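Novice: Input: one structure, supplied below.
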Amino acid sequence: MTIAYQGEILFSRYLDATGKAVDTVPEWAEQPDTLVEYYRQMTLARLFDSKAIALQRTGQLGTYPSMLGGEAIDIPTAALMQAEDVLIPYYRNHAMQVMRGIEWRDVLLYWGGDERGSANPAQGQDLPNCVPIATQCLHACGVAAAFRIRDEKRVAVTLCGDGATSKGDFLEALNVAGTWQLPLVFIINNNQWAISVPRAMQCGAPTLAQKALGAGLRGEQVDGNDVIAVHQAVSRALERARAGKGPSVIEAISYRLSDHTTADDATRYRSNEELKAAWEREPIKRLRNYLHDRGWWDENRETQWQQTANARVQQAVQDYLATAPDSAGAQFDHLYATLPVQLSEQRERAIRQAEPGGRHHE
Amino acid sequence: MSESMTMVDAVNLALAHELEQDTDVVLLGEDIGVNGGVFRATAGLLERFGPHRIMDTPLAENLIAGLAIGMASQGLKPVAEIQFMGFIFPTMEQLIAHGARMRNRTRGRLSCPLVIRAPFGGGIHAPEHHSESTEALLAHIPGLRVVIPSSPARAYGLLLAAIRCPDPVIFLEPKRIYRAVKQPVSDNGIALPLDTCFTLREGNDITLISWGAMIKETLEAADQLAQDGISCEVIDVATLNLLDHATLLASVSKTGRCVIVHEAPHHGGMGAEISATLAERGLLDLKAPVARVTGFDTIMPYYRLENQYLPNSADIVEAARQTLEFV
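Residue numbers (the working numbering), protein chains in the order written: chain A, 1 to 362; chain U, 1 to 327.
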């Protein structure tokens, strides 16, 4: 017998859990600008996250999925994408969408039960949040295929969780991306938990990245708590895709430090010890230590930045709470390109019912 | 300049016309390239328009729908073929959870101008899963148009309209009449209106309502009834969502009697929706209960018994007579 195929999945990490370099950091990470900006964005995301959860707990926001623990994956990815690229998010990529143009207020609107949260024209051709699992991976292939059909040097970037890799949609997406060599980057935020089901119960393969190999894609694994490692992997994948060298899968190993959503209680299914250990590896502290060691960040800057970030989040909350619900007619106005005559009567009824006392036909 | 052609030729002609007119139109599906589609609906298009626009996909229907939605979100106008309607079910999540909602959930920032074509219905002695009519499943979904032609000319004009429609359209092609008749079709690029019933024959005594392949049996029934001096109005619904209530109600207000004919099962079929609309909004015009001539509420039998399942013109004539006799 001969070997018909052999593949390997490489893992990369530059910073250990304490922020010490364990490998030679790339040149850009020897300069403060990019990493300080990443730090600002990551802490802003975390601040927003805690505010959103507080709003939910006080009945001012609907069910909300936290970003906690995924910051080192989302922030560099959004920063490295070009404006003309297209983001196809799942439901945990709030900060990425803000970095690509929408307002934090829009994130609150979406999770506060208002379709206008996905309507900001600043979002361009980016797709809205995707709540069904892994279905967005197929849209990403369609988006990337559109770029190829039109011969545009743009890249589609899509994210999903570890649970999503169990779905046919994910595998069908990898399969077509490999077959057509699409300009596409798949990023798996492997945060170890799909609600209550741990990574080990999702898949028998030692890595999720190796699913790429079965579909003819590049696959690699990075420490998803290490913003430098993620930056490097995403840069490589974007460059390859833009140069027509095909799609990649990046499995970023992180940990979901939060409950699945505000409707979940993770203490039902995972231990405090595990969570405590995960907090030791979390991405923000690691980066802050690195920045402190280099003299690029200090308590004074931290205090100033926290004030700025707080003000932004407060403003977003104010804007959100000040936004009146949409008109009852809006559900009809955007269902089709033009309002069909068949719906005009229902539309009028909806508007009438929404008026004070309108449901009682007094 | 009209050429006499079959429905499947008319589908091909409409696809070629739009591919020629609009570079945003692309085709994707299984075996649609070199093979030209299992029914040859896309024959010759790969040669004319190239592999970037005529795309054979890997064999996965869910993928086809998801790809089409992604393409449509970027302004392409994908026309996807699902080889048989029996294989449309993997596309349902994509169509319902995404395609139908894209415009609404982004308040018009993005839209989904796609067409999913699928041959459907019984009567060609096909294997299991190749003969069902599940149009009501799709017509139930807000945001999805469901369009069914019943002749070569209407296939051409309605498919042009479906491709030009800025919203998603499920275009179901009744394969029993794919090649049953030829009709002159002019490649004039003129679309027929969507959301509009076609009155194929005017009459005063009773309204016969149907769509797709069953239009053939319905017209035959109208011919038989005409021999007894019964004047039937025959309506081809053509777009099942959005339903043209006005035409249906106007006809029944004239005739006062109505038979609805479809291949699909009785329970929860589109006949129920039409019948309920007539009851809600035309009850005082009705002189008799609305009758439905439909498939049974069973699993469609394999082909040795499929003609026992499918309604025929005698069933329609009998239902019409009972409706006419009701006092």
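Built from N, CA and C at the ideal position, the CB exists for glycine as well. Every value quoted in this text rests on a predicted model; they were computed, and no experiment measured them.
(1) Looking at chain U, is there any beta carbon in it that lies within less than 8 Å of the beta carbon of N93 (chain A)?
(2) If you drop the 5 nearest sequence neighbours on each side, which residues of the same chain put their C-beta closer than 7 Å to that of E362 (chain A)?
(3) Could you pull out every residue in the same chain whose Cβ sits closer than 7 Å to the Cβ of D195 (chain U), ignoring the five residues on either side in sequence?
(4) Alpha carbon to alpha carbon, how far is A221 (chain U) from A314 (chain U)? Give it in angstroms, no decimals.
(5) Which bits of chain A does G282 (chain U) rub up against, with CB to CB less than 7 Å?
(6) Confirm, please, whether the CB-CB distance from A164 (chain A) to Y90 (chain A) is below 8 Å.
(7) Less than 8 Å between CB atoms is the rule here; does H266 (chain U) satisfy it with respect to chain A?
(8) Exposed or buried, what is S2 (chain U) when buried is set at 16 or more other beta-carbons lying within 10 Å of its beta-carbon?
(9) Exposed or buried, what is V181 (chain U) when buried is set at 16 or more other beta-carbons lying within 10 Å of its beta-carbon?
(10) Can you tell which of U:R107, U:A100, U:Q224, U:T255 has the C-alpha that lies nearest to the C-alpha of D333 (chain A)?
(11) Alpha carbon to alpha carbon, how far is C160 (chain A) from L63 (chain U)? Give it in angstroms, no decimals.
(12) Roughly how many angstroms separate the alpha carbons of H94 (chain A) and C112 (chain U), rounded to a whole number?
(13) Where does the unbroken alpha helix (DSSP H) through K51 (chain A) begin, and where does it stop?
(14) Hey, I170 (chain U) and V79 (chain U) are a contact pair by Cβ (cut 8 Å); roughly how many whole angstroms apart?
(15) Quick check on M71 (chain U) - is its C-beta less than 8 Å from some C-beta in chain A?
(16) Report yes if the C-beta distance between I116 (chain U) and I82 (chain U) is below 8 Å; otherwise report no.
(17) Thinking just about the alpha-carbon of each residue, which of U:T277, U:V185, U:G269, U:Y156 is nearest to the one in V11 (chain U)?
(18) If we count the other Cβ atoms within 10 Å of its Cβ and call it buried at 16 or more, is V34 (chain U) buried or exposed?
(19) Output needed in chain order: residues of the segment 139-153 of chain A with a Cβ under 9 Å from some Cβ in chain U.
(20) Please report the distance separating the alpha-carbon of I187 (chain A) from that of H130 (chain U).
(21) Since P166 (chain U) meets chain A, which of its residues come closer than 7 Å, beta carbon to beta carbon?
(22) Do I215 (chain U) and D228 (chain U) have their beta-carbon atoms positioned less than 8 Å apart in this structure?
(23) In three-state terms, what does DSSP make of G219 (chain A)?
(24) Which residues in the same chain as A309 (chain A) place their Cβ atom closer than 7 Å to its Cβ, once the five residues preceding and following it in sequence are excluded?
(25) If I follow the unbroken alpha helix (DSSP H) through T277 (chain U), where does it start and stop?
(26) Taking buried to mean at least 16 other C-beta atoms within 10 Å of its own C-beta, is V185 (chain A) buried or exposed?
(27) Return yes when at least one heavy atom of the ligand NAD lies under 7 Å from the C-beta of E37 (chain A), else no.
(28) Compare the C-beta of V237 (chain U) with all C-beta atoms of chain A and state if any pair is closer than 8 Å.
(29) Spell out the partners DSSP gives I206 (chain U) in its beta bridges.
(30) Closer than 9 Å by beta-carbon distance: list the chain U residues that pair up with S118 (chain A), in chain order.
(31) What does the alpha-carbon distance come out to for the pair P90 (chain U) and E27 (chain A)?
(32) Decide yes or no for the touch test of the segment 274-289 of chain A against the segment 60-76 of chain A: beta carbon pairs closer than 8 Å, at least 3 of them.
(33) Flag A60 (chain U) as yes if its beta-carbon sits less than 8 Å from any beta-carbon of chain A, otherwise no.
(34) Would a C-beta distance cut-off of 8 Å place A229 (chain A) and R13 (chain A) closer than the cut-off?
(35) Taking the alpha-carbon of A41 (chain U) as reference, which of U:V147, U:K175, U:A72, U:T298 has the nearest alpha-carbon?
(36) Looking at chain A, is there any beta carbon in it that lies within less than 8 Å of the beta carbon of H140 (chain U)?
Specialist: Working from what's here:
(1) no
(2) Residue placement at E362 (chain A) is poorly supported in this model, since its pLDDT is 48, which falls under 50; the coordinates still yield a value, given next. Once the five neighbours on either side are set aside, E362 (chain A) has no close Cβ partner at all.
(3) T239, L242, D244
(4) 7 Å
(5) Those do not exist, as G282 (chain U) stays about 15 Å from chain A at its closest Cβ, beyond 7 Å.
(6) yes
(7) no
(8) exposed
(9) exposed
(10) U:R107
(11) 17 Å
(12) 23 Å
(13) 32-57
(14) Not confirmed; about 12 Å, so no contact.
(15) yes
(16) yes
(17) U:Y156
(18) exposed
(19) H139, A140, C141, G142, V143, A144, A145, A146, F147, R148, I149, R150, D151
(20) 38 Å
(21) A337
(22) no
(23) strand
(24) T43, L44, L47
(25) 270-282
(26) buried
(27) This structure simply doesn't include the ligand NAD, nor any ligand for that matter.
(28) no
(29) U:C232
(30) R105, T106, R107, R109, L110
(31) 48 Å
(32) yes
(33) yes
(34) yes
(35) U:K175
(36) no
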